[in-house]
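A.B. asks:
Protein chains in written order, with the working numbering: chain A, 2 to 479; chain B, 2 to 479.
Right under this line is the structure:
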């Protein structure tokens, strides 16, 4: 095996790798906003070129329909050596990013990446790259892309001879609305894969590598309550008609009971309880809820959520409901005495195995309709979502991944979960029966989805080394 | 008396009067938005020039402080004939207007006034002027300004010899935040007045003139709930921390009980109940709640509000609470899985005699503080307000006003109330002991505070004639 020389090459060419990542981060591929359609396509093409340079056969495939076009999917393949008998790996990532607002809170423009000292303090010198998408997910995908490039440059063989399919989509941050149809349309081809590898999660902390065996599902909705057909003067009409803001607020407030449990009928019926062993193991990880809250400017008493569970449990294995946005009436400076025509909220549910996103969404919509205020009407929009996913700790690909991470870091990795959602994992389980190994390199203070998002180069380096070594470990499974 | 010749002059010069009104409406005097500071001052100067041309002594007086400047107040005086022994009238109006948003719903630009056919159908031919401020309050103030101009042009004497003070302010639509201090600073001078006349209310309907003897008070607040110091990923944090939107919604929803009564402790303690006689008289006015709802696109079942009261009673003599605006988190297109740092609502209370706006506001703020979610903090802003005001039906100025309106219209006027708020009326009662006669010429379908606001020329004409005749009636009280 030439793994050592690949690792040496990775170390020697890191400046080039970071420069390439910065080029990618410069492209504002905000998938949720139609104004960024062109740069989003450009980010796909950039990624396709990268894979081509590593010897992959690459296609950039359109999604959606002519009336409602989606963002393209980059699909690349490496045939594997003739004698390769290890698993056929499906690597998944996404090239799209979250919107960058509120812009005024960025210390440098979100799409002009800069290198700054790392956040780890004097004990952990190093650097971080700051930009929207730095860690979620362009930076993490780059750890894989650059490992593949190093293998190809070193051996002339794509993916070091491992049979591999690479799927990089452009709608992860906007609900992956076209992915399900894409997977169905390419089912025969994707079903040849044996396991999914995704780098879009986090470590347990600096120097504490981890593999994630569970992520939450999601269903994301937008609900608008319509009332009068014109804005009204609150003097002439206040107290006479249903005010859509008053009414929306009253309905939504009933989503939670005093124990902060979600009140939708049957919401918890399909929740798979986590065993005492796993919950006990989580307690040994040294996660400090109060310290995490301090990091976001909150005191210890802000450690609230569903009654009867710790903060870690609430994130990793309990469903929840959040209003992610709300707007209605006058929101400018000063006072305007208006009763508006409508009010809107973006309401999402984080789900766990074995809750079904479609059922939860329909249950929510039914619940809203049962509470329609007098004379009003609902407009209910589905913004997509995905199943929760968990993977067995002792499966061969998981063992290979743990070994790769152990060798790359020199530390025993931990098995953790994440409260985030990677809908593709649920989708690939549902459609193709594939389990997913989440090897992630993010840190909790990476400001994912927030201003000043960053990825530390120490984490980047560990990621690239892990993916390089994983090639050898996968071959060893044959 | 030369009243007849004044009325003839009014009829002969109407085209000039409307042209002047349109000039005034062109000036976007949006007082609540600092971006419109210059045009707001320009609208004040325009009005001052108008009064000077009618022989008044006019001052344009600054308000606020150097650090926080307000919009100017136009103060004009007519000394009255030497032998004048009628009441010294204080005419009040405002030259500022509401913001024009949502702009896309205007059929013509809000500050490019146009003349269109009136809304009364084939039975009532005529025209309307369409613009922001057409009726509220530039159009109504113009009925007074033009009556004064006609008297001056006809007799050479300002205000036809009536002793009069005119106060036109520029902050009525933004809470009249500097008016109280202004009234206190000019108390000696204003205290010489005997009664207030205001044209900023409505008629009972087309061809149904009315005088208003009661308006509601107001207290307007803006409340922001602050949580984490950075936007959070709802996957990593959903269920772990208080989400400021969830929490704000839960707190605000408790403002109403199932009978749609406001739950603030003691909120109804100082509400002056209206006598059975007055409530019975209101029932004879032929007000049709279902028809009014139909006019704003709502079915009859939308006739909801405080239990136990009719729609008219809820508007005219019952207090209420409305959320006039709400905003938090992601409000753009599509999905963003964020837990935001804060959420804000504009919350106002319409009040009736003898509720005190300051007490209600403080009671609301105390109520919010008692419900502060764990680890969060409130930012509470007072956007001003005013006392409710009611006036005796048999006072001499009210009798004079009823007579003027009767003569101008040829119809017996009705005595009604309004759910709107004219804080100055409460202020002048509180500070100077002055009662107010509200002679208004608006119609319910004038789209006050909404896109396509208009004032019908038939209403304008009745207003100018009434103010012209009122001069004679006031002299007759001497």
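From the three backbone atoms N, C-alpha and C, an ideal C-beta is built for every residue, glycine too.
Whose CA, out of 230/B, 408/B, 134/B, lies closest to the CA of residue 449/B?
C.D. replies: That would be 134/B, whose Cα lies nearest to the Cα of residue 449/B.
A.B. asks: Return the chain-ordered ranges of every beta strand (DSSP E) run that is complete within the stretch 292-376 of chain B and spans a minimum of 3 residues.
C.D. replies: With a minimum length of 3 residues, the continuous beta strand (DSSP E) runs that stay inside the stretch 292-376 of chain B are 321-330, 343-352.
A.B. asks: Quick check: the Cα distance between residue 241/A and residue 274/A, rounded to an integer number of angstroms?
C.D. replies: Each residue's Cα considered, the two are about 48 Å apart.
A.B. asks: Can you give me, in chain order, the residues of the stretch 436-449 of chain B that have a beta carbon less than 9 Å from any beta carbon in chain A?
C.D. replies: Going along the stretch 436-449 of chain B in chain order, one finds 445, 448, 449 with a Cβ nearer than 9 Å to chain A.
A.B. asks: Which residues in chain B have a C-beta closer than 8 Å to the C-beta of residue 319/A? List them in chain order.
C.D. replies: Near residue 319/A (Cβ distances below 8 Å), the residues of chain B are 240.
A.B. asks: Which same chain residues end up closer than 7 Å to residue 8/A when comparing Cβ atoms and leaving out the 5 residues on each side of it in sequence?
C.D. replies: Within the same chain, residue 8/A has close Cβ partners 466, 469.
A.B. asks: Take every Cβ of the stretch 85-93 of chain B, pair it with every Cβ of the stretch 183-199 of chain B, and state whether three or more of those distances are shorter than 8 Å.
C.D. replies: Yes, since at least three Cβ pairs between the stretch 85-93 of chain B and the stretch 183-199 of chain B fall closer than 8 Å, the two stretches touch.
A.B. asks: Please identify, using Cβ separations under 9 Å, the residues of the stretch 256-287 of chain A that lie next to chain B, in order along the chain.
C.D. replies: So the list reads 256, 257, 261, given in the order they occur along the chain.
A.B. asks: Please confirm if residue 231/B has its CB atom under 9 Å from at least one CB of chain A.
C.D. replies: Residue 231/B counts as touching chain A.
A.B. asks: Helix or strand or just coil, what does DSSP make of residue 98/B?
C.D. replies: The answer is strand: DSSP assigns residue 98/B an E or B state.
A.B. asks: Would you grab the beta carbon distance between residue 171/A and residue 96/A for me? Rounded to a whole angstrom, and I think it's under 8 Å.
C.D. replies: With a Cβ gap of about 5 Å, residue 171/A and residue 96/A count as contacting.
A.B. asks: Where do the ends of the alpha helix (DSSP H) carrying residue 24/B lie?
C.D. replies: That run of the alpha helix (DSSP H) goes 15-26.
A.B. asks: Quick check: does the Cβ of residue 465/A come within less than 8 Å of any heavy atom belonging to the ligand PLP?
C.D. replies: The model on display carries no ligand, and the ligand PLP is accordingly not part of it.
A.B. asks: Since residue 147/B and residue 3/B are thought to touch, with beta carbons under 8 Å apart, how far apart are those beta carbons, to the nearest angstrom?
C.D. replies: Between residue 3/B and residue 147/B the Cβ distance is about 16 Å, and since that is not below 8 Å, they are no contact.
A.B. asks: If I measure Cβ to Cβ from residue 1/B and keep anything under 7 Å in the same chain, skipping five residues before and after, which residues do I get?
C.D. replies: The structure shown does not extend to residue 1/B, since chain B spans only 2 to 479, so no value can be given for it.
A.B. asks: Below 9 Å between beta carbons: does that hold for residue 217/A and residue 389/A?
C.D. replies: Against a cut-off of 9 Å, the Cβ pair of residue 389/A and residue 217/A comes out as a contact.
A.B. asks: In whole angstroms, give me the CA-to-CA distance for residue 447/B and residue 363/B.
C.D. replies: Distance between the alpha carbons of residue 447/B and residue 363/B: 34 Å.
A.B. asks: Would you call residue 164/B buried or exposed, if buried means 16 or more other Cβ atoms sit within 10 Å of its Cβ?
C.D. replies: Buried.
A.B. asks: Report, in whole angstroms, the separation of the C-beta atoms of residue 417/A and residue 211/A, which I expect to be a contact under 8 Å.
C.D. replies: Correct: roughly 5 Å between the Cβ atoms.
A.B. asks: Check the Cβ of residue 303/A against every Cβ in chain B and list those closer than 7 Å, keeping chain order.
C.D. replies: What residue 303/A touches in chain B: 242, 243, 375, 376.
A.B. asks: So with CB distances below 8 Å, who are the chain A contacts of residue 351/B?
C.D. replies: The contacting residues are 235, 236, 239, 240.
A.B. asks: Listed from N- to C-terminal order along the chain, which residues in the stretch 79-107 of chain B have their beta-carbon within a distance smaller than 9 Å of any beta-carbon of chain A?
C.D. replies: The stretch 79-107 of chain B vs chain A, Cβ under 9 Å: 99, 100, 102, 103, 106.
A.B. asks: In chain order, which beta strand (DSSP E) runs of at least 3 residues are fully inside the stretch 194-246 of chain B?
C.D. replies: As far as the stretch 194-246 of chain B is concerned, its whole beta strand (DSSP E) runs of at least 3 residues are 196-199, 211-216, 218-227.
A.B. asks: To be precise: take each residue of the stretch 316-341 of chain B, compare its Cβ to all Cβ atoms of chain A, and keep it if any distance is under 7 Å. Which residues remain?
C.D. replies: Of all residues in the stretch 316-341 of chain B, 316, 319, 321, 323, 324, 325, 326, 327, 328, 329, 330, 331, 332, 333, 334, 335, 336, 337, 338, 339, 340 have a Cβ within less than 7 Å of some Cβ in chain A.
A.B. asks: Of all Cβ atoms in chain A, is any one closer than 9 Å to the Cβ of residue 427/B?
C.D. replies: With 9 Å as the cut-off, residue 427/B does not count as an interface residue toward chain A.
A.B. asks: Among residues of its own chain, excluding the 5 on either side of residue 476/B, which ones have a beta-carbon nearer than 6 Å to its beta-carbon?
C.D. replies: Result list for residue 476/B: 87, in chain order.
A.B. asks: In the DSSP assignment, find the unbroken alpha helix (DSSP H) run with residue 410/B in it and report its ends.
C.D. replies: Element bounds for residue 410/B: 397-410.
A.B. asks: Do you know how far the Cα of residue 342/A is from the Cα of residue 106/B?
C.D. replies: C-alpha separation (whole angstroms): 12 Å.
A.B. asks: Is residue 322/B closer than 9 Å to residue 215/B when the C-beta atoms are compared?
C.D. replies: No, the pair does not count as a contact, with Cβ atoms beyond the cut-off.
A.B. asks: If the cut-off is 7 Å on Cβ atoms, which residues from the stretch 52-67 of chain A count as contacting chain B, listed in chain order?
C.D. replies: Those residues of the stretch 52-67 of chain A that come within reach of chain B (Cβ to Cβ, closer than 7 Å) do not exist; the list is empty.
A.B. asks: By Cβ distance, which residues of its chain are closer than 6 Å to residue 288/B, with the 5 residues on each side in sequence left out?
C.D. replies: Excluding positions up to five away in sequence, the list reads 313.
A.B. asks: For the structure I just gave you, are there three or more beta carbon pairs, one from the stretch 365-374 of chain B and one from the stretch 388-408 of chain B, closer than 8 Å?
C.D. replies: No, the stretch 365-374 of chain B is not in contact with the stretch 388-408 of chain B.
A.B. asks: Go through its chain and collect everything with a Cβ distance to residue 56/A's Cβ below 6 Å, but skip five positions before and after it.
C.D. replies: Once the five neighbours on either side are set aside, the close Cβ partners of residue 56/A are 153, 159.
A.B. asks: Taking CB distances under 9 Å as the criterion, tell me whether residue 417/B reaches chain A.
C.D. replies: No, residue 417/B lies away from the interface with chain A (no Cβ there is under 9 Å from its Cβ).
A.B. asks: Report all residues from its chain with a CB closer than 6 Å to the CB of residue 252/A; omit the five preceding and five following residues, and keep chain order.
C.D. replies: Closer than 6 Å at the Cβ level, and outside the excluded window around residue 252/A, lie 372.
A.B. asks: State the DSSP-derived secondary structure class of residue 437/A, mapped to helix, strand or coil.
C.D. replies: Strand, per DSSP.
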